[in-house]
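> Protein chains in written order, with this note's numbering: chain A, 20 to 825; chain B, 20 to 825.
Mind looking over this structure? Questions follow.
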């Protein structure tokens, strides 16, 4: 990292008049371009008086937050110029999009990314027209905004994205602006403690600017109206060194903000220098600086409109002059407002921003809009991956289904190797459940990260660790997003049910990637990988609140170009799938698999073939004569580990007790292969579908999640009426694993009954077998509570190979 | 409210030795019962030495947090006894379920609710056996726990539930324990600011006890290891008066906690007394007390096991002695541990808790486990509702579809009346969007609630207001849950996309209700009503992040007994549906409707009939001869306001340009009527389904949300292959409303093309009409950005009545 002298710090904190004039020119230009984007479709430089026809038919955008955002941006650029500091800008108040677009335009980055938005009057006209227009750009600082890694539409994630971006990015500062609206959200309030996980020696820094302008869309904010002493106390309590700037006077605010920014920067430098030269002392978490900036909402805009106060109130949140097309007085006021920035000083005759405006722009990749971290692929390098087969379970196929093991523990060992091979470009993010999810082998390679004090009783916990654990899905998911969007790799592992806590983040990240892959200057970024373990079926001990497979139902609605869902049935399949997803880019990969000991079905070679195809007939689990060309009596399909066991067990009961009934077992690993190819890129062809599921045989589909997911995926396939889906029916409680499947009718006995009921011919002996199955279920019901120790569990069950296929 | 004298306060703060002995006896009894539930299936009173056979086959439960929970409970009971204070206990560390179950047993409430769990040795045996056992009770403080309104499985919501419970409950204190694990979650961190919305004159109080025992399941917590001065500062910043208690010495901790609790209570009394006698002064938000209790995790349990430290570490989180069945040393240690509570002093010969133990129990409804607020129906009274027809749009059917209005504004006026008629039992909860969602008429009846300072520019904002706005879906949703679970009524209104932010809360509340309706002593509670407005289709101005109809996809998987989803097409239908849902109990009602001006279709009478049935043929929108008995060429079905307009417009194009093609329009308001009756209580009969959708005609279903919802609901209906669903395909950006439907192929022109393509006969002129539609779409594409002002919008479209049906 560059070491910055005290002289330079002093010069940042005490700008000359000339420097303030340059910052102010840039700021005025930026405010001008912001207003222009909101209002104008022509006459961008006010070469002639404004006319109603110059005004857009539909006025969109958010003015209120924009001048503050630009002020911060301008001063940061000046600091970068003086220091060579690497910095990105995270716009929490994402609705201030026009201000950030304007900034990137003034830095030339916008023109580099969008060559038709030229640095002249015609370019300005296009810049203005496209904003919030059909075929143009969205209104937020978002995917189309150079340098942005944060979509400010769904508020709450600015800080977690900032921290995710600087983990293992020691030279980077994420200058992160949080609006006082966003500051009210729970995810944002939960994010401040991220500094308890930030190591100043090896990570970069987040410089939060809490921008309090006092109001959200229609009313004041809590922090905007609290006693400033209370507000300061909150952040001091979180561990920050709070620097406050307040006012609206000019140029006074320039001097004061320059001083505050320089002070904050100096403190970051000092913290990092100490940590990097003297080492990090456990429990001495630095007091990182943050800035609280209080400036009026809608600053420099109209003070009053129609006699009503606008500037400094919630009324300036969006478009402060709404009647400009029809109200000559409003039009005049708009023109005065725009001319107050003195555009004639800011743009030359051709319409190009003048050198005075450009004077504070950093060069090249030092521009915040052009730093590689803001376009994460620029920092991307592929993961080094071990040969997963070296970690796999090698067994004789005759032993399949005859021993149990904790599949996710194998993933844990894969992650351990990945940590070793990629010491600074991979992290696991997990809400306090790494061990619980059986991924604890990672602790052989890395501790948990923790900057607070530790004791002798703590295990695998230190400032040097890189396993990210905090009891918050919002934080762990959000950190990973920031880490991936800046080009690094990772995995978010959660209890399946609590994947719903952060599912809105999953949705928003998917939307981000969907927009990003269509933008040619955006580099591809590592996929967001999600493991949902401790699943619905095996949270028998924790109860109903822990039993919810809802993430799958959400994620299958997202764009198929981005989303892949995997339900590996055993350890080797999990390893194969994991190896695959860690090589992908621009995707959201969701793996659902439980952590409890489970039967192992496929050898490494079989797992490879099965998972790459994504589905397949398990001939060894059925009893049809595949060469005969005859369809079986029933197809029992399955996707998900527990239900796969039940499906195989049901087929075994049929094989053993009703051998003349022909059953086929189909296992699906890549869930979306069930879709038609036109609905999902991995959808199986019509021929493959018919080969797996026949054309006419009924299919009893035993599914891990809610049945609707399968109904939705197979819709449009021929004769879908023959698909009978059994899944999680929201019947849960604290009970045994077997009772869970019984309650939801996905147990082996219910499946056998369903299978017999859905054959197209009458199976001799079927009625007897159904009666036997019902007896098993009745026996199960009898043994609750009072016969705890005698509960019929199925843990002593094992697969009996079919001699014909072993 | 009772006014409590200084003498009583003093006596709470300075207990006599005898009083401490009683508290301690109760506490020991409670700890004993906690351990018993985790370990024993027989020999509950240790009448003989423990044997391996006394131990449950599967050890479940969480010991670590339990002794602290019990200590707080005991002292609160003593306080209640002395003061007559009404109080409920909210168990944030919900995994400490056995401690709370034990407490309710010691209070007799458990036996009153579950008569087979008697107050004798056999009752104790049953109490122990049933815990975390199949057919027994779940492991959390949850639905089956008397007095609980909080499921502690998904952490984060203890405080919001507490605040929700005390709004408009002036005599109630919600004693709310927050564990240091939960304190790390974002929703919990976002909840502290609830005091900025709590009016001491008319609301009750929340007394938060932040119980720091230093660790979560496998490692320490941030606040458990931060400098205590920093921790205090966070809460002082949020506005609390922090009282700290720390230690493990006995009886010292009893004296210190009694003092702290008395001090906190005295401060609450003083705040409320001042507010209720002198009035509330805007901007003088009281400094409410809170307690930070630091006690060892697993306090009073085994100090070390196998030479490893247990008490005070993360290792005591769950079951500290795991080998008791097989390891004689562990078994001995368990017996020593249980005997350390001196059970012989705590239970009489019959096994009944002794009078010394019972001495601190409050009586009747003063027991925290028996307060009516903890069993919300006990406080329930139906809403007074105005006649919705008095607010409806009365119009001549000939005018249908020929004028637009903002439908949600009508709901706003209904809510205004509800506020007036039910001044203390109804609230609207909305993240800063009441006006934006056009519900602003409520402000005629009530301001927004705000305890911080206000200015002249603030509008409809005061400490006296009861409209709850804060920029947090987690808070607003969670407050409403607490409000409903204590028997009061309300509505949560959100932007549709951001309903996903709190969707996990929606899921968990649904799970709560699903369990509650099967428990006979749980009274019914008002339904949780959700309005999702500012929908995907009309967030054309805000862009892709605001375009997400995912809540519907989640909620339709929940149990049908609880969930109802409504998509009213116009204002009268919205009024009718709203009037209906506000009368329901024990449901989660989700209404999806946009706020923008939309066509009005149905007169009040028609709306009533249509919504009560839930679906219906709109004969006036089609052109078939219904009396003829002949099926139409196509059925265009629709659910959702924007897509209904497109469906009607498509039918109109066909009527006008291809009159010999027969089209039927079916509108669905109650989405789940599409289900089979066996899948949902409102599912339409086979006959109704056939009457609406015919048996064989293809159905083009134009849906508001993701298509999969419809695929899932109609699955199992005859010949579902004929359903062609068009819905939101995750194609969005900042654009125009019409471009939104075009991008997702739900626009009128695409629908006409689809309709013609899916008829079973060749329609003469069909090819020409398809070509005309394609031309319209091409023209639309040409007009982006550069011809903004000429964009073909469809806002000048109006319905042309079919002369045959007007």
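Backbone N, C-alpha and C fix where the C-beta goes; we use that ideal spot for every residue, glycine too.
Per the contact definition of three or more C-beta pairs closer than 8 Å, is the segment 333-340 of chain B in contact with the segment 60-71 of chain B?
The answer is no - the segment 333-340 of chain B does not touch the segment 60-71 of chain B, with fewer than three Cβ pairs under 8 Å.
> Is it buried or exposed for residue 627/A, if we count other Cβ within 10 angstroms and need 16 for buried?
That one is buried.
> Determine, using beta carbons only, whether residue 657/A and residue 668/A come nearer to each other than 8 Å.
Not in contact: residue 657/A and residue 668/A (Cβ atoms no closer than 8 Å).
> Would you say residue 262/B faces chain A, with C-beta separation under 8 Å as the test?
By this cut-off, residue 262/B is not an interface position.
> I'd like to know if residue 731/B contacts chain A, where contact means its C-beta is closer than 8 Å to some C-beta of that chain.
Chain A contact via Cβ: present.
> Quick one: does residue 456/B have its CB under 8 Å from some CB of chain A?
Residue 456/B does not count as touching chain A.
> Of the residues 133/B, 687/B, 413/B, which one's Cα is nearest the Cα of residue 655/B?
With distances taken between Cα atoms, residue 655/B lies closest to 687/B.
> If we count Cβ pairs, one from each stretch, closer than 8 Å, do we get three or more for the segment 242-260 of chain A versus the segment 209-219 of chain A?
A contact exists between the segment 242-260 of chain A and the segment 209-219 of chain A.
> With a CB to CB cut of under 6 Å and the five nearest residues on each side skipped, what residues in its chain are close to residue 825/B?
Summary for residue 825/B: the model assigns pLDDT 49, below 50, so the residue's position carries little reliability; its value from the coordinates is reported in the next sentence. Correct list, in chain order: 417.
> So, are the CB atoms of residue 512/B and residue 565/B less than 8 Å apart?
Result no, Cβ atoms of residue 512/B and residue 565/B do not sit closer than 8 Å.
> Quick check on residue 424/B: does DSSP put it in helix, strand or coil?
Strand at residue 424/B.
> One question on the structure: do residue 111/B and residue 201/B come within less than 8 Å of each other, judged by their Cβ atoms?
In this structure, residue 201/B lies closer than 8 Å to residue 111/B by Cβ.
> For the structure I just gave you, are there three or more beta carbon pairs, one from the segment 298-312 of chain A and one from the segment 39-53 of chain A, closer than 8 Å?
Contact between the segment 298-312 of chain A and the segment 39-53 of chain A is absent, because fewer than three Cβ pairs lie under 8 Å.
> Can you tell me where the alpha helix (DSSP H) with residue 27/B in it begins and where it stops?
From DSSP, the alpha helix (DSSP H) with residue 27/B extends over 25-32.
> Residues of chain B with CB closer than 8 Å to the CB of residue 259/A, please, in chain order.
Residues of chain B passing the Cβ test: none, with the nearest at roughly 10 Å.
> Show which residues of chain B have a CB atom less than 8 Å away from the CB atom of residue 174/A.
Ordered by position in chain B, the residues that pass the 8 Å Cβ test against residue 174/A are 490.
> Mapping DSSP to helix, strand and coil, what is residue 744/A?
In the structure shown, residue 744/A sits in a strand (DSSP, three-state: E or B).
> Does DSSP classify residue 20/B as helix, strand or coil?
Residue placement at residue 20/B is poorly supported in this model, since its pLDDT is 49, which falls under 50; the coordinates still yield a value, given next. Looking at residue 20/B - three-state DSSP - the assignment turns out to be coil, as it is neither helix nor strand.
> Helix or strand or just coil, what does DSSP make of residue 110/B?
Three-state DSSP puts residue 110/B in a strand.
> For chain B, check one thing: does any of its Cβ atoms lie closer than 8 Å to the Cβ of residue 205/A?
Yes, residue 205/A lies at the interface with chain B (some Cβ there is under 8 Å from its Cβ).
> So, are the CB atoms of residue 160/B and residue 364/B less than 8 Å apart?
Against a cut-off of 8 Å, the Cβ pair of residue 364/B and residue 160/B comes out as no contact.
> Beta-carbon of residue 821/B versus every beta-carbon of chain A: anything under 8 Å?
So no, residue 821/B is outside the interface.
> Between which two residues does the beta strand (DSSP E) holding residue 653/B run?
That run of the beta strand (DSSP E) goes 653-658.
> Could you check whether the Cβ of residue 727/A sits closer than 8 Å to any Cβ belonging to chain B?
It does; some Cβ of chain B falls within 8 Å.
> Taking Cβ positions, are residue 884/B and residue 543/B nearer each other than 8 Å?
Limits of chain B in this structure are 20 at one end and 825 at the other, which puts residue 884/B out of reach.
> Threshold first: 3 residues or longer. Then list the beta strand (DSSP E) segments lying entirely within the segment 175-231 of chain B, N to C.
Counting only runs of 3 or more, we get 191-198, 224-231.
> Using a C-beta cutoff of 8 Å, does residue 29/B count as contacting chain A?
No, no contact with chain A.
> How about residue 476/A: is its C-beta nearer than 8 Å to some C-beta of chain B?
True, the Cβ-Cβ gap to chain B drops below 8 Å.
> Could you check which residue in 366/B, 190/B, 745/B has the C-alpha nearest to that of residue 140/B?
It is 366/B.
> Are the Cβ atoms of residue 520/B and residue 173/A separated by less than 8 Å?
Yes, these two residues count as a Cβ contact at 8 Å.
> So, does the segment 567-586 of chain B touch the segment 597-616 of chain B, judging by three or more C-beta pairs under 8 Å?
Short answer: they touch.
> May I ask you to report which of helix, strand or coil DSSP gives residue 92/A?
Three-state DSSP puts residue 92/A in a helix.
> Go through its chain and collect everything with a Cβ distance to residue 199/A's Cβ below 6 Å, but skip five positions before and after it.
Same-chain partners within the cutoff: 231, 240, 242, 243.
> Using a Cβ-Cβ cut-off of 6 Å (strictly less than) and excluding sequence neighbours within five positions of residue 455/B, which residues of its own chain qualify?
Excluding positions up to five away in sequence, the list is empty.
> Using alpha carbons as the reference points, say which of 530/B, 354/B, 549/B, 125/B lies closest to residue 373/B.
The option with the nearest alpha carbon to residue 373/B is 125/B.
> Here's a check: name, in chain order, each residue in its chain whose Cβ is nearer than 6 Å to the Cβ of residue 773/A, leaving out the five neighbours to either side.
Contacts found: 719.
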